[in-house]
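Colleague:
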Amino acid sequence: MVHIGMFPSLGGNISPLDYGKIMFPNPEDRVGYKYPQDGLLQASVVVQAHEICNPTNIDANGEKCLLVVKNGLATGTTIGRASGMELFTRVYTERGHKKTSIDLAVLPYGRRTGSFSAPGDSGSIVLTRDGSILGMITGGAGNTYGTDVTYLTPYWYIEEEIQKAFPGCRLYEVVE
2 MVHIGMFPSL GGNISPLDYG KIMFPNPEDR VGYKYPQDGL LQASVVVQAH
52 EICNPTNIDA NGEKCLLVVK NGLATGTTIG RASGMELFTR VYTERGHKKT
102 SIDLAVLPYG RRTGSFSAPG DSGSIVLTRD GSILGMITGG AGNTYGTDVT
152 YLTPYWYIEE EIQKAFPGCR LYEVVE
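In terms of my numbering, the sequence shown opens at residue 2 and continues consecutively.
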């Protein structure tokens, strides 16, 4: 089968059964769920800023959350939980404000699942469970055994900057 577009693999570290249990833990939230064909999750649309703050996924406790997945070079397929709010980092010089970056934080899904990312995963695209593009990994923080917090640049911001330089450019095509 030929795949055109961006299709990150869900395979490797997580079985199809475990993926369904983790990403759709609440029966009320599982309606219509089907594991992607060939274990390839098609990247489709970009999560917008207002959607990040208003998640619609439901966790095992019935709480709204934003569950995410990525397949990175260092850690393979991992699942995490996005913070739901944007973080702003400013760098100042002696002459004043130099730059501001927008980030999102992603935490590991749980203690048993391990770190969401590790050195070598930078640049990986992070998707929501339905394939919406949340962001790109830019860094992390944690102990020497793994990363406790992973930082992403929101993809809505990346796409906005790309469109300024290359109007009409599309980095992914949706396959019907």
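Beta carbons: idealized from backbone N, C-alpha and C, even for Gly.
1) When the distance is taken between beta carbons, is V69 closer than 7 angstroms to V150?
2) Tell me which residues share the same chain as S102 and place their Cβ nearer than 6 angstroms to its Cβ, disregarding the 5 neighbours each side in the sequence.
3) Who are the Cβ neighbours of Y110 in its own chain at under 7 angstroms, not counting the five residues just before and after it?
4) Please look up how many angstroms separate the CB atoms of L42 and G132, rounded, as I've assumed it's under 8 angstroms.
5) Where does G141 fall in DSSP's three states?
6) Just confirm the distance between the C-beta atoms of Y156 and V47, as a whole number of angstroms; I'd bet it's less than 8 angstroms.
7) Can you check whether the CB of D60 is closer than 7 angstroms to the CB of P26?
8) Just the C-alpha distance for M137 and D122, rounded to the nearest angstrom, thanks.
9) Output needed for C54: all residues of its chain with C-beta closer than 7 angstroms, excluding positions within five of it in sequence on either side, in chain order.
10) G141 and S118 - do their beta-carbons sit closer together than 7 angstroms?
11) Under a three-way DSSP split, which group does K165 fall into?
12) Taking Cβ positions, are I163 and C170 nearer each other than 7 angstroms?
13) How many angstroms separate the CA atom of T78 from the CA atom of T139?
14) Where does L105 sit, in a helix, a strand or coil, going by DSSP?
15) The alpha helix (DSSP H) spanning Y20 covers which residue range?
16) Within the continuous beta strand (DSSP E) that includes E29, where are the two ends?
Modeller: Quick answer:
1) no
2) Here the set comprises T90.
3) So the qualifying residues of the chain are I23, I80, G81, R82.
4) 5 angstroms
5) Note: G141 maps to strand in three-state DSSP.
6) 5 angstroms
7) yes
8) 10 angstroms
9) Cβ within range, chain order: G85, M86.
10) Contact: yes.
11) helix
12) yes
13) 17 angstroms
14) Strand at L105.
15) 17-24
16) Neither: E29 is in no beta strand (DSSP E) and is coded neither H nor E.
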